[in-house]
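Enquirer:
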Amino acid sequence: MTFMSSPTTRCWRSRDVLLGVAPRNRDVRRVRCSRMTPRVRAAAPVDGPPQPQSIRHLVLVLGDQLDRNASALDDFDASQDVIWMAEVMEESTHVWSGKPRTAVFLSAMRHFAAAQRALGRRVHYVALDDPDNTQSLSGELARAVQAFAPQRLVMTEAGDWRVQQALVQAAQSLGVELEQRSDRHFYASVDEFRAHAKGRKQLRLEYWYRELRQRHAVLLTADGKPEGGQWNFDAENRGSFGKQGPVDLPAPQRFAPDHITREVLTLVNARLASHPGSLEAFDWPVTPEDAQLALQDFVQHRLPQFGTYQDAMWTSEPWLYHSRLSAAMNLKLLDPRDVVQATERAYREGHVPLAAAEGFIRQILGWREYVRGIYWLEMPGYLSRNALGAREPLPSFYWTGDTEMRCLQQAIGQTLDLGYAHHIQRLMVTGLYALLLGVNPVAVHEWYLAVYVDAVEWVELPNTLGMSQYADGGIMASKPYAATGKYIQRMSNYCASCRFDPATSSGEDACPFTTLYWDFLLRHEPLLARNQRMALQVKNLARLDTAARAAITERATQIRQSGGAPPRALQLL
Ligand SMILES: Cc1cc2nc3c(=O)[nH]c(=O)nc-3n(C[C@H](O)[C@H](O)[C@H](O)COP(=O)(O)OP(=O)(O)OC[C@H]3O[C@@H](n4cnc5c(N)ncnc54)[C@H](O)[C@@H]3O)c2cc1C
Ligand code: SF4
Numbered sequence: 220m221t222f223m224s225s226p227t228t229r230c231w232r233s234r235d236v237l238l239g240v241a242p243r244n245r246d247v248r249r250v251r252c253s254r255m256t257p258r259v260r261a262a263a264p265v266d267g268p269p270q271p272q273s274i275r276h277l278v279l280v281l282g283d284q285l286d287r288n289a290s291a292l293d294d295f296d297a298s299q300d301v302i303w304m305a306e307v308m309e310e311s312t313h314v315w316s317g318k319p320r321t322a323v324f325l326s327a328m329r330h331f332a333a334a335q336r337a338l339g340r341r342v343h344y345v346a347l348d349d350p351d352n353t354q355s356l357s358g359e360l361a362r363a364v365q366a367f368a369p370q371r372l373v374m375t376e377a378g379d380w381r382v383q384q385a386l387v388q389a390a391q392s393l394g395v396e397l398e399q400r401s402d403r404h405f406y407a408s409v410d411e412f413r414a415h416a417k418g419r420k421q422l423r424l425e426y427w428y429r430e431l432r433q434r435h436a437v438l439l440t441a442d443g444k445p446e447g448g449q450w451n452f453d454a455e456n457r458g459s460f461g462k463q464g465p466v467d468l469p470a471p472q473r474f475a476p477d478h479i480t481r482e483v484l485t486l487v488n489a490r491l492a493s494h495p496g497s498l499e500a501f502d503w504p505v506t507p508e509d510a511q512l513a514l515q516d517f518v519q520h521r522l523p524q525f526g527t528y529q530d531a532m533w534t535s536e537p538w539l540y541h542s543r544l545s546a547a548m549n550l551k552l553l554d555p556r557d558v559v560q561a562t563e564r565a566y567r568e569g570h571v572p573l574a575a576a577e578g579f580i581r582q583i584l585g586w587r588e589y590v591r592g593i594y595w596l597e598m599p600g601y602l603s604r605n606a607l608g609a610r611e612p613l614p615s616f617y618w619t620g621d622t623e624m625r626c627l628q629q630a631i632g633q634t635l636d637l638g639y640a641h642h643i644q645r646l647m648v649t650g651l652y653a654l655l656l657g658v659n660p661v662a663v664h665e666w667y668l669a670v671y672v673d674a675v676e677w678v679e680l681p682n683t684l685g686m687s688q689y690a691d692g693g694i695m696a697s698k699p700y701a702a703t704g705k706y707i708q709r710m711s712n713y714c715a716s717c718r719f720d721p722a723t724s725s726g727e728d729a730c731p732f733t734t735l736y737w738d739f740l741l742r743h744e745p746l747l748a749r750n751q752r753m754a755l756q757v758k759n760l761a762r763l764d765t766a767a768r769a770a771i772t773e774r775a776t777q778i779r780q781s782g783g784a785p786p787r788a789l790q791l792l
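In the working numbering, each number is its position in the sequence shown, counted from 1, plus 219.
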């Protein structure tokens, strides 16, 4: 409690127990005084009611913890607690974060802070362009601890391992207790997943998904059986649009930037000018209210077709029947229970077919919870996995979209323009190409973490390193997602306007996906042959005679030596 203060000096008695410091430093009776340097004074918040100089809880709210019902806020007492939020460059530079991604986070954070202030809560908010900003979470925490002398730091457990480590270490070195509370946003806790994983030789989504559906009574009949007599309607979820393409696509609801978002867009354009991506089309939901509207819009207009077309792709149609809800969920603006319940309700009211409802719920209740479990089970070692020994650099066109390969040009182009690509574009276009080329998984991971508005490491890393690059050797996926250009031809119209031929594996016109697919099988034949699910694909290698193999290897080498894409045809003047 502060017992003496002046405009420049503040004294307080330190807390009873200081955790995380050497026992000799736990002297609880000391009175500590600090001179408030101009820097510290500048950090002291100006909003809210008159404040004591020493507070009870400094409640840390990170950019992906914008849940108004978060456990960290459970016992918030406006008379003695302060919320701490910080915009720091470190979070946009530890990977080369795209402009749309940074803008979504900052805008949602500012809206959250405004909503908390409207509740009469005091928010200590450090803006990116605050001249005193140290630009790191630990630096800002140190400044805030100095300014507020909190008895304790309180937070909901961090989503990412890196951030959790940084904050735990910062609290320890500051000699302040850090209380981490469980994250109620998810259906299952990390410990529940650990219990599920214990003793299993292999983890598979399907079993976890069924367990959660039963535990939470989702899409079950009155006697506890799966609706429709089966757990999974995946086989009905692989439609393509055919030659005529998608007809009467319902455009998703846009969220035009308000004044807070406009300020953020200006700031991001100024401070992150050299970062990838564009903000011209920015229209993401950045508040819980917007997120609810986005959910309703999706359920009403796109969910009925989601199942059929969830794997399909089409030129210049980034959204198709997808929900665009991942960023809102990952920032915790939207509760996954609301999403699952709205979907199930739509099915029970006869608005959507079961295959669509089940297919969508599997993404949220299944995949989303599953990848979080894997992340926390496997970190920190997961980051350095490289089961296929991939060493190639990421081609530079991943940062520009400047490539002749039409599918990559489309998927990367919309990623940079919107911060968005749907799952199959990420898995079977950009991810597949990096896998076949043999790109170092860390470089692939850093790209995915940088460019998508929904990118947070707990969900991005298992999807990238595990599912798409098979770098974890089979923890996430039972086999590598390897395919030729013919898969992309079947699921999209990209190949129709591409200079390459998906049916050809060598020579000038060969589709690089097809070349690199066979090259991938040739390079990894012994390892893949041990995987039963790859048996058929490996067996097909026998169809290639020595000359065909040599031609494929030659073309693949040429691609690698030309920066990861075939040399461009000479342009005639
Ligand atoms: C290489 C790669 C990287 C990815 N990185 C991310 C990421 O950083 N953040 C992220 O949220 N998703 C990631 N995904 C999963 C998925 O691609 C996105 O969740 C989805 O494209 C987001 O768009 P949407 O909201 O329109 O999703 P929809 O297609 O409408 O799907 C509905 C929801 O299901 C959830 N979901 C679907 N698939 C997955 C999955 N594989 N893992 C976890 N949740 C899933 C998402 O919350 C999504 O919003 C990645 C997938 C791949 C292959
Ligand atoms: S031909 Fe190959 S490179 Fe061209 S769009 Fe099709 S899959 Fe992509």
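For glycine and all other residues, C-beta sits at the position ideal for the given N, C-alpha and C.
DSSP state of residue 303, grouped into three classes?
Expert: strand
Enquirer: Taking only the alpha-carbon atoms, compute the straight-line gap between residue 760 and residue 741 and give it to the nearest angstrom.
Expert: 8 Å
Enquirer: Quick one: what does DSSP say residue 786 is sitting in, helix, strand or coil?
Expert: Residue state, collapsed to three classes: coil.
Enquirer: Within the same chain, show all residues whose beta-carbon is closer than 8 Å to that of residue 516, passing over the 5 residues directly before and after it, in chain order.
Expert: 471 and 472
Enquirer: Enumerate, from N- to C-terminal direction, the unbroken alpha helix (DSSP H) stretches of 4 or more residues contained entirely within the stretch 584 to 670.
Expert: 588 to 597, 625 to 637, 651 to 656 and 660 to 670
Enquirer: With residue 398 as the anchor, note down where its beta strand (DSSP E) starts and where it stops.
Expert: 396 to 400
Enquirer: Collect the residues with a C-beta less than 5 Å away from any heavy atom of ligand 2 and give them in sequence order along the chain.
Expert: 624, 625, 626, 704, 707, 713, 714, 717, 719, 721, 730 and 732
Enquirer: Under 8 Å, with one C-beta from each stretch per pair, do the stretch 653 to 666 and the stretch 515 to 534 reach the 3-pair mark?
Expert: In short, these stretches do not touch, since the Cβ pair count stays below three.
Enquirer: I want to check one thing, is the minimum distance from the CB of residue 583 to the heavy atoms of ligand 1 below 8 Å?
Expert: Checking every heavy atom of ligand 1 against the Cβ of residue 583, one is found closer than 8 Å.
Enquirer: Just to confirm my understanding: we take residue 625, look at its own chain, exclude 5 residues before and 5 after, and list those with CB closer than 6 Å. What are they?
Expert: 713, 716 and 717
Enquirer: Mind reading off the beta-carbon distance from residue 662 to residue 668? Whole number of angstroms is fine, and I expect it under 8 Å.
Expert: Rounded, the Cβ-Cβ distance is 11 Å, inconsistent with contact.
Enquirer: Work out the CA separation of residue 610 and residue 660 for me, nearest whole Å.
Expert: 8 Å
Enquirer: Provide the residue(s) that pair with residue 342 in DSSP beta bridges, ordered along the chain.
Expert: 302
Enquirer: Going by other Cβ atoms of all chains shown within 10 Å of its Cβ, with 16 needed for buried, is residue 539 buried or exposed?
Expert: With 16 or more Cβ atoms within 10 Å of its Cβ, residue 539 is classed as buried.
Enquirer: My assumption, with CB atoms under 8 Å, is that residue 327 sits in contact with residue 292. Please give the rounded CB distance.
Expert: The C-beta distance from residue 327 to residue 292 rounds to 16 Å, too long to meet the 8 Å contact threshold.
Enquirer: In angstroms with no decimal places, state the Cα-to-Cα distance between residue 723 and residue 351.
Expert: Distance between the alpha carbons of residue 723 and residue 351 is about 59 Å.
Enquirer: With respect to 8 Å, is the separation between the Cβ of residue 686 and the closest non-hydrogen atom of ligand 1 below this value?
Expert: yes
Enquirer: Helix, strand or coil for residue 695, going by three-state DSSP, please let me know.
Expert: The answer is coil: DSSP assigns residue 695 none of H, G, I, E or B.
Enquirer: Quick one: is residue 444 buried, meaning 16 or more other Cβ sit within 10 Å of its Cβ, or exposed?
Expert: exposed
Enquirer: From the DSSP output, which residues share a beta bridge with residue 559?
Expert: Residue 559 pairs with nothing; no bridge assigned.
Enquirer: Cβ-heavy atom distance between residue 529 and ligand 1 below 8 Å?
Expert: yes
Enquirer: Would you check if there are 3 or more beta carbon pairs closer than 8 Å linking the stretch 551 to 563 to the stretch 637 to 646?
Expert: no
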